[in-house]
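Student: Below you'll find the structure I mean.
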Amino acid sequence: DQQVKQNSPSLSVQEGRISILNCDYTNSMFDYFLWYKKYPAEGPTFLISISSIKDKNEDGRFTVFLNKSAKHLSLHIVPSQPGDSAVYFCAARYTGTASKLTFGTGTRLQVTL
Amino acid sequence: EAGVAQSPRYKIIEKRQSVAFWCNPISGHATLYWYQQILGQGPKLLIQFQNNGVVDDSQLPKDRFSAERLKGVDSTLKIQPAKLEDSAVYLCASSLGTLMVDTEAFFGQGTRLTVV
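For the record, the sequence lines run as chains Y and F.
Counting in my numbering, the first sequence runs without a single skipped number right up to 751 at its last residue.
Counting in my numbering, the second sequence runs without a single skipped number right up to 183 at its last residue.
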């Protein structure tokens, strides 16, 4: 039962353009969403998050949008840079001591020159 | 601030052997997680500790996997005996874990296990 889905395994974008990574979830109890970035041979690193009480959160070149009614979130990277090339994981959790992070399968982003 | 430390970075063992991984979380983080990431998949939670108590081990194959977190700090994850399908990266993560704060989990670099 894949509660967090990233349906695009890969994405290629030109440097300077916008990268849009999508994520869908099925569990309506999720109230906090995170994006992680992972380079080869490294652990995932936190990128940006959003609470379910918001519909947008921005941090520099990275913006996450949340559409609760559609159970959909997206990560926008503007402008994309070659160093952004990595695997991006969407994760979700619900608030509470026993809450756990549930991850999607990841999207590999390649930013080309 | 030091990050999450894991060792070893790489391990190759034969099937039916045993193996252990070690994790030292960020100081002050009450919650510790062990994730298994199989190639091409997202990380899957194996076990979650809150201090030294287990709060979720529903996806831990308890017939072969075990984990402990002594004194609510360091943790070890053991596999005995290993199977070929256990080949994966084992990630340890920690977070503040307080009820009132939505915080992110910080990951270590992981241990890549290859079972041959």
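Just so it is clear, CB atoms sit at the ideal spot from N, CA and C, and this is done for glycine as well.
(1) Nearest by alpha-carbon distance to residue 581 of chain Y: which of F:74, F:177 and F:181 is it?
(2) Under the rule that 16 or more other beta-carbon atoms within 10 Å means buried, what is residue 677 of chain Y, buried or exposed?
(3) Please go through the same chain and pick out, in chain order, the residues whose beta-carbon is closer than 6 Å to the beta-carbon of residue 84 of chain F, but skip the five residues on each side of it.
(4) Go to residue 91 of chain F, then tell me how far its beta strand (DSSP E) extends in each direction, as first and last residue.
(5) So with Cβ pairs under 8 Å, would you call residue 727 of chain Y a contact of chain F?
(6) Could you work out which residues of chain Y lie near residue 139 of chain F, taking near to mean beta carbons separated by less than 8 Å?
(7) Would you please verify whether the beta carbon of residue 173 of chain F is less than 8 Å from any beta carbon of chain Y?
(8) Using 10 angstroms around the beta-carbon of residue 180 of chain F, count the other beta-carbons present and answer buried if the total reaches 16, otherwise exposed.
(9) So, at 6 Å on beta carbons, what are the nonlocal neighbours of residue 133 of chain F in its own chain, with the 5 sequence-adjacent residues on each side left out?
(10) What are the boundary residues of the beta strand (DSSP E) that residue 181 of chain F is part of?
(11) Could you check what DSSP says for residue 151 of chain F in three-state terms: helix, strand or coil?
(12) Would you say residue 700 of chain Y reaches chain F, if we count a Cβ-Cβ gap shorter than 8 Å as a contact?
(13) Between which two residues does the beta strand (DSSP E) harbouring residue 710 of chain Y extend?
(14) Using the beta-carbon count (16 or more within 10 Å), is residue 642 of chain Y buried or exposed?
Tutor: Checking against the coordinates, here is how it stands:
(1) Only positions 639 to 751 of chain Y appear in this structure, which leaves residue 581 of chain Y out of reach.
(2) Residue numbering aside, residue 677 of chain Y sits at position 39 when the first sequence is read from its first letter. By the neighbour-count criterion, in which 16 or more other beta carbons inside 10 Å mark a residue as buried, residue 677 of chain Y falls on the exposed side.
(3) Here residue 84 of chain F refers to the residue found at position 17 when the second sequence is read from its first residue. So the list reads 149, once near-sequence residues are dropped.
(4) Numbered from its first residue, the second sequence carries residue 91 of chain F at position 24. Residues 86–91.
(5) Here residue 727 of chain Y corresponds to residue number 89 of the first sequence, with the count starting at 1. So, interface residue.
(6) Sequence index remark: in the second sequence, residue 139 of chain F carries index 72 (1-based). Within chain Y, not a single residue places a beta-carbon under 8 Å from that of residue 139 of chain F; the smallest gap is close to 14 Å.
(7) Here residue 173 of chain F refers to the residue found at position 106 when the second sequence is read from its first residue. Residue 173 of chain F counts as touching chain Y.
(8) Position 113 of the second sequence, counted from the first residue, corresponds to residue 180 of chain F. With 16 or more other Cβ atoms within 10 Å, it is buried.
(9) Position 66 of the second sequence, counted from the first residue, corresponds to residue 133 of chain F. Excluding the 5 residues flanking it on each side, residue 133 of chain F has same chain C-beta neighbours closer than 6 Å at 145, in chain order.
(10) By 1-based counting over the second sequence, the position of residue 181 of chain F is 114. Residue 181 of chain F -> beta strand (DSSP E) spans 178–182.
(11) Taking the second sequence and counting its residues from 1, the one referred to as residue 151 of chain F is at position 84. The answer is helix: DSSP assigns residue 151 of chain F an H, G or I state.
(12) For this step, residue 700 of chain Y is matched to residue 62 along the first sequence. So, not an interface residue.
(13) The residue given as residue 710 of chain Y occupies position 72 in the first sequence. Counted as a single uninterrupted DSSP element, the beta strand (DSSP E) harbouring residue 710 of chain Y occupies residues 710–715.
(14) Here residue 642 of chain Y refers to the residue found at position 4 of the first sequence. Residue burial is scored here from C-beta neighbours: residue 642 of chain Y has at least 16 other C-beta atoms within 10 angstroms and is therefore classed as buried.
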